[in-house]
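S.K.: Going by our numbering, the first residue of the sequence shown is number 439, and it counts up by one from there.
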Amino acid sequence: MHIEALREYCLAKAEVTESFPFDEETLVFKVAGKIFAILPLDSATTINLKCAPDYAEELRAQYPGAIQPGWHMNKKHWNTVALDQGLSGQMVCHLIDHSYERVIAGLPKAVQQRLSAGKA
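1) What is the DSSP secondary structure of Leu444, counted as helix, strand or coil?
2) Of the residues Glu453, His532, His440, which one's Cα is nearest the Cα of Leu477?
3) Shortest alpha-carbon distance to Trp516 belongs to which of Pro459, Val469, Glu456, Ile505?
4) Drop a sphere of 10 angstroms on the beta-carbon of Met508, count the other beta-carbons inside from all chains shown, and report buried for 16 or more, exposed for fewer.
5) Is the beta carbon of Leu487 sitting closer than 9 Å to the one on Leu521?
6) Just curious, the alpha helix (DSSP H) that Pro491 is in, first and last residue?
7) Determine the burial state of Pro546: buried for a count of at least 16 other Cβ atoms within 10 Å of its Cβ, exposed for fewer.
Printed below as a string of structure tokens:
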């Protein structure tokens with residue numbers, strides 16, 4: 439999946455913003471101020487995504503070359519997804535959706551309701 443397609447997919451979600459909070463080579467996507475995706479532009483071959491711990495382990499076992507514990511992240515809750523290791527665009531989108539939903543689940547109920555209303 440090309441970087442611009444990833445960017446467009448992330449930005450199409452409710453209340454998503456993009457920024458460069460770390461440096462000018464690391465694009466970060468947030469929902470309601472919380473990070474759900476990190477895309478290093480210097481290589482553009484990986485994306486860090488939040489993941490449920492049990493599902494993260496399952497994915498790493500199922501896709502050993504493509505999904506690894508999150509680089510420079512809490513490895514229990516984050517995966518680094520290699521975009522050049524044969525994962526389908528559909529699978530990458532599923533993982534982005536899962537990350538976005540995990541972050542929303544941790545937000546205050548009022549924010550969750552606002553985001554749900556925005557989807558309708």
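Idealized CB from N, CA, C, for every residue including glycine.
M.R.: For this structure:
1) Indexing the sequence shown from 1 puts residue 444 at position 6. Three-state DSSP puts Leu444 in a helix.
2) What you label residue 477 is simply residue 39 of the sequence shown in a count that begins at 1. The shortest Cα separation from Leu477 among Glu453, His532, His440 belongs to His440.
3) Taking the first residue of the sequence shown as position 1, residue 516 is located at position 78. Comparing Cα positions, the closest option is Ile505.
4) Position 70 of the sequence shown, counting from 1, holds the residue named residue 508. Residue identity check: residue 508 is Gly in the sequence provided, not Met. With 16 or more other Cβ atoms within 10 Å, it is buried.
5) Here the question's residue 487 lines up with position 49 in the sequence shown. Here the question's residue 521 lines up with position 83 in the sequence shown. Not in contact: Leu487 and Leu521 (Cβ atoms no closer than 9 Å).
6) Numbered from its first residue, the sequence shown carries residue 491 at position 53. Where Pro491 is concerned, the enclosing alpha helix (DSSP H) stretches over 491-500.
7) To locate residue 546, count along the sequence shown from 1; it is residue 108. Looking at its Cβ environment, which holds fewer than 16 other Cβ atoms inside 10 Å, Pro546 is exposed.
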